[in-house]
Amino acid sequence: MGRVFVWKQIMNGYAFMLTGAQLAALPSGALYWGDAGLLAVSDLHLGKAERIARRGGALLPPYETRETLARLEADITVTGARTVLCLGDSFDDLDAAAGLPEDEAQWLMRLMAGRRWLWIEGNHDPGPIAFGGSHLAEYAAGPLIFRHIARPGAVGEVSGHYHPKARISLGGRALSRPCFLHDAARLILPAYGAYTGGLCWDDPAFAPLFGTEARAIMLGNPPRPLPKPPCRAAAHEVTHA
Amino acid sequence: MSNVPPFIDTWFAARGWAMHPHQHEMLERAGAPALLLIAPTGGGKTLAGFLPSLADLGPDPAPGLHTLYISPLKALTADIRRNLRAPVDEMGLSIRIEDRTGDTSHTQRRRQRADPPHILLTTPESLALMLSYEDAPRIFAGLKRVIVDEVHALAESKRGDQLMLGLARLAALCPGLSRVGLSATVEDPPAIGRFLAPAPKACEILQADPGPDPDIAMLETDAPPPWSGGGGRYAIPAILDEVRRHRTTLIFHNTRAQAEIFFHDLWLANDAGLPIGIHHGSLAREAREKVEAAMAEGALRAVVCTGSLDLGIDWGDVDLVIQVGAPKNVKRLVQRIGRANHRYNAPSKALLVPANRFEVVECVAALQAARAHDLDGDPRGPGPRDVLCQHILATAAAGPFDADALYDEVTTAGPYTTLTRPAFDACLDFAATGGYALRAYDRWQRLKRGPDGRWALRDPRAAKQIRMNLGTIVDTETLKVRMQRHRGGAPLGEVEEGFAATLTPGDTFLIGGQIVRYEGLREMTVEVTRSASATPKIATFMGTKFATSTQLSDRILTMFRQPDWPELPRHTAEWLALQRKVSRLPRRERLLIESFPHEGRAHTCVYGFAGRNAQQTLGLLLTQRMEAAGLAPLGFVATDYATLIWGLDPVTDPAPLLDGDNLREAFETWLAGNAVMKRTFRASAIVAGLIERNTPGRRKTGRQATFSSDILYDTLAKYDPGHLMLEITREEAMKGLVDFGRIEAMLARTKGRIDHVPLSRVTPLAAPLFLEPGRVPVTGTAEQRLIDEAAERLMAEAGLA
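Line by line, the protein sequences give chains F and C.
Heads up: the first sequence begins at 1 in UniProt numbering, then just goes up one per residue.
Heads up: the second sequence begins at 1 in UniProt numbering, then just goes up one per residue.
Below is the structure:
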């Protein structure tokens with residue numbers, strides 16, 4: 001049902017359908033919905049290094065925001081998206097949004113100029129934030145509904161939050177990369193931010209969301225579809241003979 | 001005589017013992033600021049270290065810490081506490097002796113801080129932790145002596161660097177402190193002395209009588225060793241004979257995986273049902289303790305083991321040491337032999353079992369070196385700066401410090417005497433601000449300068465985090481292995497997380513000497529069941545491979561110059577003679593390269609004798625250069641002595657490929673994107689405090705909150721290539737797995753004198769390389785191709801394609 005195509009001869013994407021919408025998973029982890037001219041990215045976690053430092057933790061290389069913005073700029077340029085939707089956890093917390101260095105804040109404003117920009121609330125950055133654009137708890141458009149955390153039973157739902165990551169074995173060597181997860185009813189986006197980890201695709205957290213028909217699209221150039229393995233048993237479950 | 005108090009004389013006399021001369025000498029030289037005792041195992045070395053403390057403390061000592069004893073092993077501190085208690089009681093001294101390690105209870109530790117014992121036995125990590133407390137000056141007030149046991153072992157790792165920084169701190173807190181180092185036989189005692197002594201003071205060295213030479217030989221077997229491989233399985237019948245003939249035998253292997261496979265095979269051949277155990281670092285602590293207890297009781301006839309048994313735990317009745325596989329390093333061999341026969345003045349007995357034909361040569365060379373007391377060792381480089389970064393943070397956790405004073409203090413530590421002020425300042429800047437070209441953390445600096453000019457933590461709560469990250473041992477991420485349905489039962493051991501990730505249910509592998517079947521992963525635990533299969537599907541899970549030392553390689557090259565080899569078994573001597581006839585034997589001052597066709601591929605074999613790690617790096621660099629030259633290399637394999645490369649087109653002129661400048665340039669490019677660098681970066685970043693250690697409790701929850709250290713490496717390489725952490729990573733990688741230093745040494749030694757020998761067929765010396773495991777394919781766009789193949793296969797299997 002999916003096919004690999006070359007997006008405007010520049011960017012390799014993987015095309016698939018979700019409840020009637022024709023979507024493309026991009027190598028960066030962004031989602032492009034061509035018919036709506038909408039680019040969706042999730043879990044940017046801008047300002048993460050600053051937040052960790054503020055709390056007295058390690059002083060990580062303070063370059064992750066520019067790295068994430070550079071990726072976003074490239075995806076906007078290539079797709080020519082008219083609408084950009086940030087699917088929650090765009091900032092690591094509200095102080096991180098306020099504390100974005102001047103040049104990085106300017107860069108973000110530049111990206112926002114001339115297009116529609118939707119901020120969906122996340123668990124890290126609830127409530128409105130200082131930048132322009134529209135602030136929404138969720139966003140419904142045609143057959144799709146965009147929200148940060150997936151709800152069991154939803155249909156046509158696009159969400160983020162879990163940072164899914166696929167893990168495969170290549171001739172005795174393990175390879176782990178962020179991935180999209182989807183079935184006929186829902187889609188979960190990988191984390192887009194530079195400093196983000198992942199939750200393994202067979203984590204019990206995915207059990208209420210996906211049945212046996214689920215697939216992953218592993219990031220790469222081009223992204224590749226894979227069958228999603230069944231979830232591991234939940235940690236608190238006790239099996240005794 | 002004046003320094004020997006009567007209670008010590010009386011104690012020796014009551015036992016009918018005479019004090020060893022070196023024990024007496026230790027008492028005489030008790031006032032030395034730094035004293036290194038080199039004595040063989042069984043020579044009463046530890047007691048010699050403590051005698052001056054006992055003499056000074058006397059029957060009725062005043063309260064307060066007097067002597068600090070530091071050992072690399074927790075198990076050793078408990079051993080020493082028991083072994084020291086008896087003489088102290090028998091001498092009638094009311095001296096409090098306690099140990100303090102990661103296993104010591106919280107209450108006990110608090111009490112020790114409030115009311116320290118006279119003699120405290122601890123590890124470098126626990127000392128670093130104690131020094132990071134605000135009340136360190138009070139805890140250590142009055143400390144007179146520090147005893148560092150197994151100092152030769154500590155000097156081989158970052159733990160030693162950390163310890164010496166800790167001793168520099170202690171010396172500042174306790175002026176007049178004297179240091180004693182206890183060491184097994186080492187090749188360069190003055191070097192260990194410089195490591196130990198507080199600069200610029202010198203270290204006095206006391207050499208005990210080394211005792212008789214060990215009785216050491218190569219095991220003669222009916223079957224000749226195979227052409228390649230490392231298991232030593234061919235020798236199992238002969239080894240079992242030896243086990244039967246001795247009370248207790250230790251059978252050493254160079255890697256854990258080899259120990260596992262060998263133990264399994266040994267058990268299958270053990271018709272007599274001799275009690276035999278296995279002991280290595282990947283086994284669960286419970287499993288190891290069981291073997292240790294059985295050993296102490298004399299209930300085992302043999303233990304198959306690795307370096308985890310290298311250090312001086314008292315094993316009682318060991319009367320034979322067998323080393324399977326070439327020892328790679330003569331010093332390690334001699335120290336292992338020391339495990340046999342703890343009775344002083346009785347020769348230790350050891351047998352070497354070469355695992356393959358080439359190792360026969362290596363074993364003979366090692367035997368000659370051991371008999372000639374020609375030990376090997378690479379000179380110790382300057383102290384690594386990731387350890388210094390950690391030390392600076394730990395110092396700040398204890399309280400505000402003055403940068404000038406800390407620099408002066410740090411440079412009295414042996415490993416850091418050559419540290420320049422700018423190099424120190426870079427570490428201080430890293431600890432304080434992160435040291436980034438982008439000064440992003442002005443508001444959130446970790447360390448701030450107070451009005452008095454001293455540096456202190458910005459947020460005092462950070463002290464706790466810093467203490468949790470102390471230590472220089474960085475484990476690879478491992479997962480526990482347990483029998484399914486035995487959730488309360490003892491774990492079998494641990495495997496690397498990366499290895500666990502490659503398993504699919506049904507795969508079988510060896511652990512703790514048994515074959516188990518992988519069932520699944522639960523709560524970060526690998527669940528397995530017993531498997532009835534005779535051979536594991538996947539054999540290895542951890543491959544610490546030592547490289548043959550430079551000195552041993554040189555001895556082998558010297559042997560190659562002989563006209564014939566009466567000291568070698570006939571099969572091996574004939575093999576070398578045939579090589580000399582059809583091609584040449586490698587020489588030390590020249591670089592032999594053979595090129596020949598084989599099975600439709602062009603092959604080139606480079607005999608660099610630079611050790612496994614360097615030969616591996618050489619393979620990566622040469623194939624990269626061959627790729628650029630259009631020679632279409634397909635893959636290579638490396639051993640301690642050679643790299644064999646195969647490809648589509650023959651190499652006609654290897655000289656430009658091996659040109660030093662070109663090679664160095666290729667190295668720089670290659671190094672940046674290399675997986676070894678990322679692994680080294682992770683270790684250094686954890687030690688330096690850039691990445692927090694994964695504590696077990698945290699790993700379970702919110703895995704998506706933590707991200708891979710590779711991301712930090714890539715980010716730094718892209719945005720801040722001059723950053724201190726990348727500099728440190730490079731320094732560390734050069735001496736470790738990449739070992740470019742030995743490639744440089746090989747180039748310097750051969751000075752472009754290349755002997756290129758084109759041949760029509762495989763040579764005798766090259767032949768075993770074809771059987772060597774660990775062939776590395778040359779990949780360019782290989783990863784995406786592999787993913788594509790795997791994706792198609794998996795989708796097809798799932799019926800989704």
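Yeah, the Cβ is synthetic: ideal placement off N, Cα and C, and Gly gets one too.
Check                                                                                                                                                                                                         : Outcome
Is it buried or exposed for Asp386 of chain C, if we count other Cβ within 10 angstroms and need 16 for buried?                                                                                               : buried
Looking at the C-beta of Asp710 of chain C, does it have a partner C-beta in chain F at a distance below 8 Å?                                                                                                 : no
Counting only C-beta atoms, is Gly338 of chain C closer than 8 Å to chain F at any point?                                                                                                                     : no
Determine whether the beta carbon atoms of Thr46 of chain C and Ile119 of chain C lie at a separation below 8 Å.                                                                                              : no
Starting from Asp459 of chain C, find everything on chain F with Cβ-Cβ shorter than 7 Å and list it in chain order.                                                                                           : Gly56
Shortest alpha-carbon distance to Leu51 of chain C belongs to which of C:Asp209, C:Val186, C:Gly142 and C:Ile147?                                                                                             : C:Ile147
Do Ala195 of chain F and Asp43 of chain F have their CB atoms nearer than 8 Å?                                                                                                                                : Here the sequence assigns Tyr to residue 195 of chain F, which means Ala is not the residue at that position. No, the pair does not count as a contact, with Cβ atoms beyond the cut-off.
Can the beta-carbon of Arg256 of chain C be found less than 8 Å from the beta-carbon of Ser228 of chain C?                                                                                                    : no
Who are the near neighbours of Gly493 of chain C in its chain, counting only those whose CB is closer than 7 Å to its CB and skipping five residues on each side?                                             : Ser282, Leu283, Ala284, Ala287, Val481, Ile511 and Gly512
Can you tell me whether Arg793 of chain C is buried or exposed? The criterion is at least 16 other CB atoms within 10 Å of its CB, across all chains shown.                                                   : exposed
Per DSSP, what are the beta-bridge partners of Pro569 of chain C in this structure?                                                                                                                           : According to DSSP, which records beta bridges pairwise, Pro569 of chain C is partnered with nothing at all.
Pro40 of chain C and Gly338 of chain C: beta carbons closer than 8 Å?                                                                                                                                         : yes
How about the segment 415-422 of chain C and the segment 17-37 of chain F: do they share at least three Cβ pairs that are nearer than 8 Å?                                                                    : no
With Glu692 of chain C as the anchor, note down where its beta strand (DSSP E) starts and where it stops.                                                                                                     : Segment: none, Glu692 of chain C is in no beta strand (DSSP E) and carries neither H nor E.
If you follow the beta strand (DSSP E) that Arg186 of chain F is in, where does it begin and where does it stop?                                                                                              : Arg186 to Ile188
Is Ala185 of chain F close to chain C, meaning its C-beta is less than 8 Å from at least one C-beta of that chain?                                                                                            : no
At a Cβ threshold of 8 Å, is Leu576 of chain C touching chain F?                                                                                                                                              : no
Report the neighbours of Tyr518 of chain C on chain F: residues whose CB is nearer than 9 Å to its CB, in chain order.                                                                                        : Within 9 Å Cβ-Cβ: nothing; Tyr518 of chain C doesn't reach chain F, min ~12 Å.
Okay, do the segment 257-270 of chain C and the segment 216-227 of chain C touch, 3+ Cβ pairs below 8 Å being the bar?                                                                                        : no
Would you mind giving the Cβ-Cβ distance between Lys74 of chain C and Thr123 of chain C, rounded to the nearest angstrom? I have them listed as a contact below 8 Å.                                          : 6 Å
List, in chain order, every chain C residue whose beta-carbon is nearer than 7 Å to that of Ala233 of chain F.                                                                                                : Arg522
Would the beta-carbon of Ala216 of chain F be found less than 7 Å away from any heavy atom of the ligand PLP?                                                                                                 : In the structure on display, the ligand PLP does not appear, and there are no ligands present to speak of.
Mind the definition here: the segment 85-92 of chain F touches the segment 59-68 of chain F only if three or more C-beta pairs lie below 8 Å; say whether that holds.                                         : no
Can you check whether the C-beta of His20 of chain C is within less than 8 Å of a C-beta belonging to chain F?                                                                                                : no
Report the start-end ranges of each beta strand (DSSP E) in the segment 697-761 of chain C that is 3 residues or longer and not cut off at the edges.                                                         : 754-758
Between which two residues does the beta strand (DSSP E) holding Lys349 of chain C run?                                                                                                                       : Lys349 to Val353
May I ask you to report which of helix, strand or coil DSSP gives Ala370 of chain C?                                                                                                                          : helix
For the segment 744-756 of chain C against the segment 586-593 of chain C, do three or more pairs of beta-carbon atoms, one drawn from each stretch, fall closer than 8 Å, so that the two count as touching? : yes
How would you write the range of the alpha helix (DSSP H) that Val243 of chain C sits in, first residue to last?                                                                                              : Ile236 to Arg245
I need the DSSP call for Gly619 of chain C, collapsed to helix, strand or coil.                                                                                                                               : helix
Enumerate, from N- to C-terminal direction, the unbroken alpha helix (DSSP H) stretches of 4 or more residues contained entirely within the segment 138-185 of chain C.                                       : 151-154 and 158-173
Please list the residues of the segment 59-89 of chain F that have a C-beta atom closer than 7 Å to any C-beta atom in chain C, keeping them in chain order.                                                  : Leu59, Leu60, Pro61, Pro62, Tyr63, Glu64 and Glu67
Please state if the CB of Val334 of chain C and the CB of Thr185 of chain C are separated by a distance shorter than 8 Å.                                                                                     : yes
With a 10 Å radius around its C-beta and 16 neighbouring C-beta atoms as the bar for buried, classify Ser760 of chain C as buried or exposed.                                                                 : exposed
Output the distance between the C-alpha atoms of residue 804 of chain C and Tyr713 of chain C, rounded to the nearest integer angstrom.                                                                       : Nothing about residue 804 of chain C can be reported from this structure: the residues present for chain C run from 1 to 801 only.
By DSSP, does Val651 of chain C sit in helix, in strand, or in coil?                                                                                                                                          : coil
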